[in-house]
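Visitor: Quick one: the structure is below, and I'll ask about it shortly.
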Amino acid sequence: PTTVAPPHPPNATPHLVDGKVHAILPMGNRIYVGGSFTQVRNANESRVITRRGLFALDPATNKVDETFVADFDVNPDRTQDRGIKALAAAPGHNELFVGGEFGTLNGAAARKLVRLNAVNGALDPTFDVSVSAAVKDLVVHGSRLLVAGDSTAVGGHPRAALASLDAGSGALDGHVATAFSVPRQGNE
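This note's numbering puts the first residue of the sequence shown at 77, with every later residue one more than the last.
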C-alpha cells in the first residue's frame, strides 16, 4: 500500500474532540486509550463525553464504556506535554498501570504513576509510588513493573530515567540499578 491510513478514518470508533492519543492498551474485553484529550464522542453521536486523559472502549460495540471513569489533570493543548503517556496491564489483568505527566486523578493527588481497577477506573490506594517527573513507558515483566521516563527519583530514592518496582506493592526492587547521568527531556 502507498499509505498507512486512509485519508478519512473509519467512522465506527469514538472520536476525540480535543487533544491527542499517546497510548493504547487492549486488555480483556476493553481497549484503554490514554492521551491529552478531555472530551470524546461516540461515532455517529453528537453527545460529548468528558474523559480527561483516559477512556475505555468496548470493542464489541465500538462505544466508550461510560462505567469506567478516571479523570486526570491533562491539557489538550498540543504545545503542552501534560497527559497519559503509558499504559500496562497489571499481573492478573484486573488492573492497569497508568503513567504520564499528571498531578491529580478525579481531583485527588496522583504522582505520575497509578494503578487502576480495570472495570471502573477506581484508584488502587495500596499502590502509592511517587515519581519525580513524567513517566514515558511502562513494561510489566512477571511481578516487576519497569518504569522509564524523565525521573530523577522514584519512591523517594534516586533513580534517573529507569526504575524497577514490585508490581504488587510498588516498592523498588533493585532489579535495575543502571545509573543514567541525565534523563532525556521533552518530547524526545
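In this text, a Cβ means the ideal position worked out from N, Cα and C, and glycines have one as well.
Determine the direct distance from the alpha carbon of N170 to that of A243, and round the result to whole angstroms.
Guide: In the sequence shown, residue 243 corresponds to position 167, counting from 1. In the sequence shown, residue 170 corresponds to position 94, counting from 1. Taking the straight line joining both Cα atoms gives about 13 Å.
Visitor: Could you name each continuous beta strand (DSSP E) segment of 3 residues or more that falls completely within the segment 199-231, going from the start of the chain to the end?
Guide: 211-217 and 220-225
Visitor: How long is the line joining the alpha carbons of R191 and A88, rounded to whole angstroms?
Guide: Counting from one through the sequence shown, the residue named residue 191 turns up at place 115. Counting from one through the sequence shown, the residue named residue 88 turns up at place 12. The straight-line gap from Cα to Cα measures roughly 30 Å.
Visitor: Can you tell me whether N112 is buried or exposed, with buried defined as 16 or more other CB within 10 angstroms of its CB?
Guide: Taking the sequence shown and counting its residues from 1, the one referred to as residue 112 is at position 36. Correcting the residue type first, residue 112 is Ser in the shown sequence and not Asn. Per the 10 Å Cβ criterion, buried.
Visitor: Count the other CB atoms within 10 Å of the CB of E142; is the residue buried (16 or more) or exposed (fewer)?
Guide: Stepping through the sequence shown from its first residue, residue 142 is reached at position 66. Result: exposed.
Visitor: Tell me whether H251 is buried or exposed, calling it buried when 16 or more other Cβ atoms sit within 10 Å of its Cβ.
Guide: Position 175 of the sequence shown, counting from 1, holds the residue named residue 251. Classification for H251: exposed.
Visitor: With a threshold of 8 Å on Cβ separation, who are the neighbours of R128 within its own chain once the five nearest residues in sequence on each side are excluded?
Guide: In the sequence shown, the residue the question calls residue 128 occupies position 52. Cβ within range, chain order: F113, T114, D147, F148, D149 and V150.
Visitor: Relative to the C-alpha of V97, which residue among G104, N105, P90 and V109 is closest?
Guide: Taking the sequence shown and counting its residues from 1, the one referred to as residue 97 is at position 21. Residue V109 is the option with its Cα nearest to V97.
Visitor: What ranges does the beta strand (DSSP E) occupy inside the segment 100-168, keeping only unbroken runs of at least 3 residues that lie completely in it?
Guide: 106-111, 115-117, 130-134 and 160-165
Visitor: Measure the CB-CB distance between G225 and L248 and report whether it falls below 8 Å.
Guide: For the purposes of this step, residue 225 is identified with residue 149 of the sequence shown, where counting begins at 1. For the purposes of this step, residue 248 is identified with residue 172 of the sequence shown, where counting begins at 1. Contact: no.
Visitor: Mind reading off the beta-carbon distance from G95 to G159? Whole number of angstroms is fine, and I expect it under 8 Å.
Guide: Residue mapping note: residue 95 aligns to position 19 of the sequence shown, counting from 1. Residue mapping note: residue 159 aligns to position 83 of the sequence shown, counting from 1. The Cβ separation is near 7 Å, so the contact holds.
Visitor: Within this structure, are the beta carbons of V195 and F144 separated by less than 8 Å?
Guide: Taking the first residue of the sequence shown as position 1, residue 195 is located at position 119. Taking the first residue of the sequence shown as position 1, residue 144 is located at position 68. Contact flag set, yes.
Visitor: Is the distance from the Cβ of S245 to the Cβ of L222 below 8 Å?
Guide: Numbered from its first residue, the sequence shown carries residue 245 at position 169. Numbered from its first residue, the sequence shown carries residue 222 at position 146. The answer is no: Cβ separation not under 8 Å.
Visitor: Check whether the Cβ atoms of S208 and A185 sit closer than 8 Å, and answer yes or no.
Guide: Taking the sequence shown and counting its residues from 1, one reaches residue 208 at position 132. Taking the sequence shown and counting its residues from 1, one reaches residue 185 at position 109. Going by C-beta atoms, S208 is not nearer than 8 Å to A185.
Visitor: Less than 8 Å between the C-beta atoms of N138 and A119, yes or no?
Guide: Sequence index remark: in the sequence shown, residue 138 carries index 62 (1-based). Sequence index remark: in the sequence shown, residue 119 carries index 43 (1-based). Yes, they are a contact pair.
Visitor: If you reduce the DSSP assignment to three classes, tell me which class G250 lands in.
Guide: Numbered from its first residue, the sequence shown carries residue 250 at position 174. The answer is coil: DSSP assigns G250 none of H, G, I, E or B.
Visitor: Determine which residues share a DSSP beta bridge with H91 and list them.
Guide: As a working mapping, residue 91 is identified with position 15 in the sequence shown. R117.
Visitor: Using only alpha-carbon positions, find the residue among A210, R187, H91 and G179 that is nearest to L133.
Guide: Your numbering for residue 133 matches position 57 in the sequence shown. The shortest Cα separation from L133 among A210, R187, H91 and G179 belongs to H91.
Visitor: Is the distance from the Cβ of F131 to the Cβ of V124 below 8 Å?
Guide: Taking the sequence shown and counting its residues from 1, one reaches residue 131 at position 55. Taking the sequence shown and counting its residues from 1, one reaches residue 124 at position 48. No, they are not a contact pair.
Visitor: Would a C-beta distance cut-off of 8 Å place L189 and L101 closer than the cut-off?
Guide: Residue mapping note: residue 189 aligns to position 113 of the sequence shown, counting from 1. Residue mapping note: residue 101 aligns to position 25 of the sequence shown, counting from 1. Between L189 and L101, the C-beta gap is not smaller than 8 Å, which leaves the two residues out of contact.
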